[in-house]
Structures are given as C-alpha cells and as structure tokens.
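Engineer: Protein chains in written order, with this note's numbering: chain Z, 1 to 103; chain W, 1001 to 1110. C-beta: ideal position from N, C-alpha, C; glycine also.
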C-alpha cells in the first residue's frame, strides 16, 4: 500500500490525460513544481485550492545544542517552507481513521 | 500564488495546450496528491520535498479559558519536509528581479 507518489506517477497521469508525449508530460510535472518553487524563492505564499498552502517562515538565529555532545552551536537565521493541508484535505484524511489504529 | 495563477503560468508556457486542458490536468494532479495522503501514502517529489501523514495520539487537552479538561481523539496531520535543493534555493536570497527573469524564461520555453 505504501508505494508512495513520485514525479513518475504524476507524469504518467498527465500523459494519459493530455495525450502529449511522455517527455512533454514529464516536463509538465516538472514545471508545476518549478513554478511553485520560483514563487517560494520570491518568498511568496503558494495556495493550492483543495490541497494546501505553502508558507514562508523566517527563522531567527538561535543557540542550539548537540544533544549527544552537549556542544553549543549557533543555528543561523534561515528561511523555511511550511505546508498546511487545506481544510477539505484535512477532513478527508481524518475521516479515514480506522479502528485498529486507535488501539 | 493561487492555483489559478499556476494554471495561467503553465498555459503561457504550453501554448499548444488550451487553458481548459491545463486547468483540468493541474486539478487532477493535486487531486491525486491529496488522495494519496488520504490513503496514507507518502509523496516524494525530488528537489521539492516529501509529504507524509502523521498520526497524533489521543490526548487530554485543556480549554485554556475555562481550564476544563477535554478529550482530543486520534488525529492525523500532514508533515511536509522540504528538499535540500529547495532549502538552498529559498535561502539564497535571489533578488526578486532575477526570479522574475527566470519565470519569463520559463514562459518562453527555456
């Protein structure tokens, strides 16, 4: 069941849906994510309806510790991308909880 | 950026496809991505990141206003981990102008 979804899977999907060549379908998928990445590079939010949104968070510099050596190190300020599933997706995911998982 | 902006971007680049086809296909792609998560599957998109469903255990929470205890059941959420490549890209502080030029080049099919 846990095969996962990859670019390949999506590109096959596009190939079947649009009837373009496999190479074009593969580029199409790459471009979906490239256009999204470019927006994130500009530090702007990306919201995909019915799926979720990608937000940009600027993290401040802080002191972290290596839990093993207890060594203190400065973690430099950085930008991270967070993902928040849309309400619709979140509800669908939670509808699927089955009984044996609750135990 | 919204989904419709993404669709417009793709339609500019893929001039041989009509807008409605691009729209339908993008919707289909994200529908499949969402369904994969609903089924508990992982998504792995190289150079972008991975998505996985995490199960949060039931817990007893408190209503912060009243201090009342509330039982919160098992909950599932989506964890996204960005790829190293994306991390480097967004931390490179590329000027907006330069990114816009890249988008322009994409439109021209480069």
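Could you check the C-alpha separation between residue 1095 of chain W and residue 1089 of chain W for me, to the nearest Å?
Structural biologist: 12 angstroms
Engineer: In chain Z, which residues lie less than 9 angstroms from residue 1070 of chain W when you measure between Cβ atoms?
Structural biologist: None at all; the shortest Cβ gap to chain Z is about 17 angstroms.
Engineer: Taking 8 angstroms as the threshold (beta carbon to beta carbon), is residue 1091 of chain W in contact with chain Z?
Structural biologist: yes
Engineer: State buried or exposed for residue 1035 of chain W, treating a residue as buried only when at least 16 other CB atoms are found within 10 Å of its CB.
Structural biologist: exposed
Engineer: May I have the straight-line CA-CA distance separating residue 63 of chain Z from residue 78 of chain Z, to the nearest angstrom?
Structural biologist: 13 angstroms
Engineer: The beta strand (DSSP E) with residue 59 of chain Z in it runs from where to where?
Structural biologist: 52-59
Engineer: Can you pull the chain Z neighbours of residue 1044 of chain W, defined as C-beta to C-beta under 9 angstroms?
Structural biologist: 4, 5, 6, 7
Engineer: Which residues in chain Z sit within 9 angstroms of residue 1034 of chain W, going by Cβ to Cβ distance?
Structural biologist: 50, 51, 52, 85, 86, 88, 89, 92, 93
Engineer: Output the distance between the C-alpha atoms of residue 46 of chain Z and residue 97 of chain Z, rounded to the nearest integer angstrom.
Structural biologist: Answer to the nearest angstrom: the Cα atoms are 28 angstroms apart.
Engineer: Quick one, are the C-beta atoms of residue 1016 of chain W and residue 1022 of chain W less than 8 angstroms apart?
Structural biologist: no
Engineer: For residue 1074 of chain W, decide whether its Cβ has a neighbour in chain Z, counting only Cβ atoms nearer than 8 angstroms.
Structural biologist: For residue 1074 of chain W, the nearest beta carbon of chain Z is closer than 8 angstroms to its own beta carbon.
Engineer: What number of angstroms, rounded off, separates the C-alpha of residue 1019 of chain W from the C-alpha of residue 1069 of chain W?
Structural biologist: 52 angstroms
Engineer: Under a Cβ-count criterion, where at least 16 other Cβ atoms within 10 Å of its own Cβ denotes burial, should residue 74 of chain Z be classed as buried or exposed?
Structural biologist: It counts as exposed.
Engineer: Please list, in chain order, the chain W residues whose beta carbon lies closer than 7 angstroms to that of residue 78 of chain Z.
Structural biologist: 1091
Engineer: Tell me whether the region 16-31 of chain Z and the region 53-63 of chain Z touch, counting them as touching only if at least three CB pairs, one residue from each stretch, are closer than 8 angstroms.
Structural biologist: no
Engineer: Considering Cα atoms alone, identify which of Z:54, Z:52, Z:42, Z:50 is closest to residue 1101 of chain W.
Structural biologist: Z:42
Engineer: Does the beta-carbon distance from residue 89 of chain Z to residue 50 of chain Z come in below 8 angstroms?
Structural biologist: yes
Engineer: Taking C-alpha atoms, which residue in Z:94, Z:54, Z:37, Z:53 lies nearest to residue 1047 of chain W?
Structural biologist: Z:37
Engineer: Compare the beta carbon distance of residue 94 of chain Z and residue 1075 of chain W with 8 angstroms and say whether it is the shorter of the two.
Structural biologist: yes
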